[in-house]
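Below: the structure, in structure tokens.
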Amino acid sequence: MNSPFVMIIFGGTGDLAQNKLIPALFSLFNQNFLPKDFFIIGFSRRDYNDDEFRDFFKELSEKPNWREFSNHLYYQKGDFTKEEGYKELIEKLNAFDKKMGACITRFFYLATPPENYEAILDYLQSTELAEGCGQGSNKWTRLIIEKPFGKDLETAISLDKKLSKIFEEKQIFRVDHYLGKETVQNMLAFRFANGIFEPVWNKNFIDHVQITFSEKKGIEERGQFFDGVGILRDVGQNHLMQLIAGVGMEMPRSFTKEDLRDARANVIKAIRCIEPDEVSGLVVRGQYEDYKDEKNVSSDSQTETFAAFKFFIETPRFEGVPFYVRAGKKMPKDEVTISIVFLQTCHILFKEYGCPEIGNVLTIRIQPDEGIYLRVIAKKPGSKLALETVNMLFTYEESFKTKGLEAYEKILIDIFNGDQMLFNRSDELANSWDFITKILKGWEKEGEKGLKTYKPETWGPKEAQELIERDGRKWL
Ligand SMILES: NC(=O)c1ccc[n+]([C@@H]2O[C@H](COP(=O)([O-])OP(=O)(O)OC[C@H]3O[C@@H](n4cnc5c(N)ncnc54)[C@H](OP(=O)(O)O)[C@@H]3O)[C@@H](O)[C@H]2O)c1
45 MNSPFVMIIF GGTGDLAQNK LIPALFSLFN QNFLPKDFFI IGFSRRDYND DEFRDFFKEL
105 SEKPNWREFS NHLYYQKGDF TKEEGYKELI EKLNAFDKKM GACITRFFYL ATPPENYEAI
165 LDYLQSTELA EGCGQGSNKW TRLIIEKPFG KDLETAISLD KKLSKIFEEK QIFRVDHYLG
225 KETVQNMLAF RFANGIFEPV WNKNFIDHVQ ITFSEKKGIE ERGQFFDGVG ILRDVGQNHL
285 MQLIAGVGME MPRSFTKEDL RDARANVIKA IRCIEPDEVS GLVVRGQYED YKDEKNVSSD
345 SQTETFAAFK FFIETPRFEG VPFYVRAGKK MPKDEVTISI VFLQTCHILF KEYGCPEIGN
405 VLTIRIQPDE GIYLRVIAKK PGSKLALETV NMLFTYEESF KTKGLEAYEK ILIDIFNGDQ
465 MLFNRSDELA NSWDFITKIL KGWEKEGEKG LKTYKPETWG PKEAQELIER DGRKWL
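Offset between the sequence shown (1-based) and the working numbering: plus 44.
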């Protein structure tokens with residue numbers, strides 16, 4: 045990237061900016077991805093000046109080149125709901141344009157809790173900030189918006205309407221950083237570039253699919269954000285849907301932005317929705333013990349910290365293949381994996397030699413240690429015939445001697461290049477919200493009785509085990 049730019053991070057002192065965005069920008073700076081001239085402005089409430097904002101990123105300050113990078117950081121104090129801060133921001137932006145002698149591209153990054161989106165968008169419109177300085181002819185602005193995009197289908201549609209009044213689709217980047225992860229992208233290469241997997245990637249060979257998204261930590265300091273959201277909206281509507289799309293999609297017509305987004309949108313649309321009155325049989329909702337005592341959580345909160353569900357994708361490829369998905373906090377491990385469990389054929393020849401209960405499993409590990417594992421059945425060494433499962437494995441780090449780009453680094457590079465392939469299109473989001481909203485409606489109907497408590501460091505309520513075990517299967 046050679047052209048100068050300015051990125052305004054609304055929520056510049058938030059968790060996302062502190063732990064992901066600024067570290068990713070700093071890393072891109074160190075890898076010479078950024079132009080000579082760029083400006084990053086943090087916009088938040090607290091009373092900081094530029095130097096205090098630079099000092100805010102203490103953990104980075106010891107690293108080489110921090111001083112050079114931090115000279116590009118600026119701060120704008122302001123309340124999202126008051127015009128004053130935006131007016132001052134305009135003056136800053138005009139000064140940067142003047143310094144550069146040109147209208148430089150403005151990236152507005154909404155790194156804020158979703159309840160702030162509306163106010164910020166209104167002010168971007170009313171103050172004409174959204175127009176950029178090259179007003180009228182060509183909009184030199186881009187809008188980056190984080191998940192969760194809305195609270196349900198209705199609010200997502202209304203947010204989208206608002207966005208489309210202010211920005212054109214090509215200016216809007218709806219972030220789901222899971223799409224920036226190497227393994228999630230690699231799933232396409234793995235499936236469609238290797239001739240050996242595509243023929244077995246269907247109901248004739250696959251018994252079922254499992255997805256686990258587990259975090260050891262609880263909600264920590266994020267009670268205010270999480271309690272109004274819950275795990276299904278926080279990771280289900282976005283990250284899990286992207287993983288499901290990666291497994292379930294048909295081959296895109298070409299490896300281009302629209303064809304890839306079409307393929308993702310089509311498979312999400314093909315998921316058979318769990319209707320509200322089916323929820324109690326197909327969805328499990330859990331909350332960890334003592335969640336209600338967490339900071340900034342309501343004492344009668346019914347917010348779920350765990351969800352598990354079973355569903356089907358209604359395409360000729362996956363008809364009748366169950367997908368089991370679970371996501372939770374305070375689980376025994378930090379792990380995000382997709383497991384494709386293949387039909388067991390060992391018994392045809394080896395029944396009396398003791399076939400393992402589960403045979404071939406292809407595990408795509410999104411984190412930690414991004415990689416792919418194939419479980420195969422092998423003969424144990426020795427004079428007798430006995431069988432055991434072993435893993436063939438590929439990890440990014442071992443094979444390529446690098447972990448690749450961090451997801452937010454990839455996301456930012458694509459934003460700078462105007463490449464929307466790894467960003468959600470509004471119909472993808474509408475389809476996934478449709479699925480999630482029906483579950484939320486079912487929970488509303490069920491009320492408190494549907495919420496099951498579970499002990500920290502367990503795999504959720506016992507009902508989550510029952511969900512899969514009643515089909516004669518088990519979580520891996
Ligand atoms: N945290 C993550 O790792 C992560 C990962 C993926 C996506 N996200 C998404 O990113 C977004 C931001 O999350 P977060 O965890 O960074 O939130 P957060 O830690 O709660 O940060 C909120 C930020 O917004 C500012 N703010 C809040 N109300 C304001 C107001 N009225 N006026 C001006 N500033 C205000 C805060 O400023 P003060 O400090 O001045 O109060 C702070 O900078 C969310 O949509 C979240 O889902 C987060």
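Idealized CB from N, CA, C, for every residue including glycine.
Check, Outcome
"Distance cut-off 7 Å: THR171 Cβ against heavy atoms of ligand 1", "no"
"CA-to-CA distance, LEU72 to LYS64, given in whole angstroms", "12 Å"
"Contact between the region 421 to 432 and the region 229 to 248 (3+ Cβ pairs under 8 Å)", "no"
"Identified DSSP bridge partners for PRO366", "PHE356"
"Straight-line Cα distance separating ASN115 from SER343", "44 Å"
"Rounded separation between GLU226 and ILE455 - CA only", "11 Å"
"Alpha carbon of PRO192 to alpha carbon of LYS121, nearest angstrom", "25 Å"
"Whole-angstrom distance between ARG218 and SER181, CA atom to CA atom", "In this prediction, SER181 scores a pLDDT of 46, lower than 50, which makes its location untrustworthy; no coordinate-derived value is stated."
"Meets three-Cβ-pair contact criterion under 8 Å: the region 131 to 144 and the region 192 to 208", "no"
"Residues bridged to GLN331 (per DSSP)", "THR497"
"6 Å CB neighbourhood of ASP278 in its chain, flanking five on each side removed", "none"
"ARG266 beta carbon near ligand 1 (any heavy atom closer than 7 Å)", "yes"
"Complete runs of the beta strand (DSSP E) confined to the region 230 to 291 [at least 3 residues]", "250 to 258"
"Test item: CB-CB of LEU431 and PRO400 under 8 Å", "yes"
"Under 8 Å between C-beta atoms of ILE250 and VAL311", "no"
"Cβ contact check for the region 319 to 330 and the region 472 to 490: 3 or more pairs under 8 Å", "yes"
"Under the three-state DSSP convention, the category SER181 falls into", "For SER181, the predicted model reports a pLDDT of 46, less than 50, meaning its position is unreliable and no value from the coordinates is stated."
"Cβ-Cβ distance between ASN461 and ASP220 below 8 Å", "no"
"Buried versus exposed call for SER476 [16 or more other C-beta atoms within 10 Å across all chains shown]", "buried"
"GLY516 versus VAL369 - alpha carbon distance", "16 Å"
"Proximity test, THR347 beta-carbon vs ligand 1 heavy atom, cut-off 7 Å", "no"
"LEU60: CB within 7 Å of a non-hydrogen atom of ligand 1", "yes"
"Nearest to GLU348 (by Cα), restricted to the options TYR153, GLY364, LYS354 and LYS373", "LYS373"
"Element boundaries [alpha helix (DSSP H), containing LEU207]", "197 to 210"
"Beta carbon of MET144 nearer than 8 Å to that of ASP94", "no"
"Inter-residue Cα distance where the pair is GLU513 and GLU507", "10 Å"
"Reference LEU165; option with closest CA among THR149, CYS177 and LEU187", "LEU187"
"Reduced DSSP secondary structure (H/G/I, E/B, other) of GLU135", "helix"
"LEU187 - DSSP class collapsed to helix/strand/coil", "strand"
"Pairwise C-alpha distance: PHE124 and PHE151", "17 Å"
"Distance CB(ALA309)-CB(ASP463) smaller than 8 Å", "no"
"Proximity below 8 Å, CB of GLY511 to CB of VAL328", "The question names Gly, yet the displayed sequence has Leu at residue 511. It is a contact, given that the beta carbons lie within the stated cut-off."
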